[in-house]
Amino acid sequence: AQSVTQPDIHITVSEGASLELRCNYSYGATPYLFWYVQSPGQGLQLLLKYFSGDTLVQGIKGFEAEFKRSQSSFNLRKPSVHWSDAAEYFCAVGYAGGTSYGKLTFGQGTILTVHP
Amino acid sequence: GAVVSQHPSRVICKSGTSVKIECRSLDFQATTMFWYRQFPKKSLMLMATSNEGSKATYEQGVEKDKFLINHASLTLSTLTVTSAHPEDSSFYICSAPSRGSGGNTQYFGPGTRLTVL
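Going down the list, the protein sequences come from chains A and B.
For the record, in the first sequence the residue sitting at position 83 is 83 according to the numbering used here, with numbers rising by one throughout.
For the record, in the second sequence the residue sitting at position 47 is 1047 according to the numbering used here, with numbers rising by one throughout.
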């Protein structure tokens, strides 16, 4: 069965510092991978996605993520964090086909706190 | 990107009543929509797949008689929590896939906070 692990429940960084949020997945085929961000009491906003091709993907708000098949990872990075980036971040894996097409399995989420 | 709306954003009801939550894809059609449930400080758990023109598909452990899903049109899916109890209190989020290059991307609604007294 597929699974997504975000090892870090809570990360605190200073504004302007770099950020890396970890995500590891377990999936039998080539995955569709996503990063979403959720502000308190809100829905999820798509930051970026990987379907195929270039393993380094660029997203909105200055985020990027790199797909590493050998490590089953899809870590999210940002070179300089802004206070407005404080939120909860979810990594997700999607199914490419079959009866589960379109479904997403989410990681546990990582809460990002940004200190001024 | 594609826009998905939910209504209401927040609802408080008495135990034993039923609550209907609507999910709409505003600028695209969705033959399939998904309903998730999120407990406080937890991740999202897929409840069911809503299929336009056919029955919903429920995930293991989800009571289909309690969580009724109707996909009335290509832009509307509804989730009805029947005979709600306090343990049904949660944040319910729907999503709809918008087909793009390479595959589907799920776009999420803003969520509905259900509180059952």
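Glycine is no exception: its CB is placed at the ideal position from the N, C-alpha and C atoms.
Answer yes if the stretch 1092 to 1112 of chain B comes into contact with the stretch 43 to 52 of chain A, meaning at least three C-beta pairs across the two stretches below 8 Å, and no otherwise. Taking a contact to require three or more Cβ pairs closer than 8 Å, the stretch 43 to 52 of chain A and the stretch 1092 to 1112 of chain B qualify as touching.
Per DSSP, what kind of secondary structure is A/GLN122 in: helix, strand or coil? Past the edges of chain A, shown from 1 to 116, lies residue 122 of chain A, and the structure says nothing about it.
Per DSSP, which one or two residues make a beta bridge with A/ARG77? DSSP, once it has assigned bridges, lists A/GLU20 and A/GLU64 as partnering A/ARG77.
Contact residues within the stretch 44 to 78 of chain A, judged by C-beta distance below 8 Å to chain B: Cβ contacts with chain B: LEU44, GLN45, LEU46, LYS49, PHE51, SER52 and GLY53.
Give a yes or no on whether the C-beta atoms belonging to A/VAL81 and A/GLY16 are separated by under 8 Å. Contact flag set, yes.
Using DSSP with H/G/I as helix, E/B as strand and the rest coil, what is B/SER1118? It is not possible to answer for residue 1118 of chain B, since the shown part of chain B is limited to 1001 through 1117.
Once DSSP output is grouped into helix, strand and coil, what is the label at B/SER1025? Strand, per DSSP.
Extent of the continuous beta strand (DSSP E) run through A/PHE34: For A/PHE34, the enclosing beta strand (DSSP E) stretches over residues 32 to 38.
Any contact between the stretch 1076 to 1090 of chain B and the stretch 1015 to 1026 of chain B? By contact I mean 3 or more CB pairs, one from each, below 8 Å. Yes, the stretch 1076 to 1090 of chain B is in contact with the stretch 1015 to 1026 of chain B.
Classify A/GLY31 as buried or exposed, calling it buried when 16 or more other Cβ atoms lie within 10 Å of its own Cβ. Before going on, a small fix: residue 31 of chain A reads as Pro here, not Gly. Classification of A/PRO31: buried, given that the 10 Å Cβ count is 16 or more.
Would you give the residue range spanned by the beta strand (DSSP E) that A/GLN71 belongs to? First-last for A/GLN71: undefined, no H or E at that position.
Closer than 8 Å by beta-carbon distance: list the chain A residues that pair up with B/TYR1107, in chain order. Contact of B/TYR1107 with chain A by beta-carbon distance below 8 Å involves LEU46.
Beta-carbon neighbours of A/GLN2, restricted to chain B and to distances below 8 Å: Contacts between A/GLN2 and chain B, judged by CB atoms closer than 8 Å, are missing: the closest CB pair is about 12 Å apart.
Any C-beta of chain B under 8 Å from that of A/SER41: Reading off the sequence shown, one finds Gly at residue 41 of chain A, where the question assumed Ser. A/GLY41 counts as touching chain B.
Identity of the residue in B/THR1105, B/ILE1069 and B/SER1005 nearest B/GLY1053 by Cα: Ranking the options by Cα distance to B/GLY1053, first place goes to B/ILE1069.
Which residues DSSP lists as bridging B/LYS1041, in chain order: Assignment of beta-bridge partners to B/LYS1041 by DSSP yields no partner.
Cβ closer than 8 Å: which chain A residues qualify as neighbours of B/ARG1093? Arg is not the amino acid found at residue 1093 of chain B; the sequence shown has Ile there. Ordered by position in chain A, the residues that pass the 8 Å Cβ test against B/ILE1093 are GLY43 and LEU44.
Along the chain, where does the beta strand (DSSP E) containing B/ILE1064 start, and where does it finish? Correcting the residue type first, residue 1064 of chain B is Lys in the shown sequence and not Ile. Counting along the chain, B/LYS1064 sits inside no beta strand (DSSP E), nor does DSSP assign it H or E at all.
In the structure shown, what three-state DSSP assignment does B/SER1073 receive? Strand, per DSSP.
Proximal residues to B/LYS1064 (C-beta, below 6 Å), its chain only, five neighbours per side dropped: Within its own chain, the residues whose Cβ lies closer than 6 Å to the Cβ of B/LYS1064, once the five positions on either side in sequence are excluded, are TYR1058, listed in chain order.
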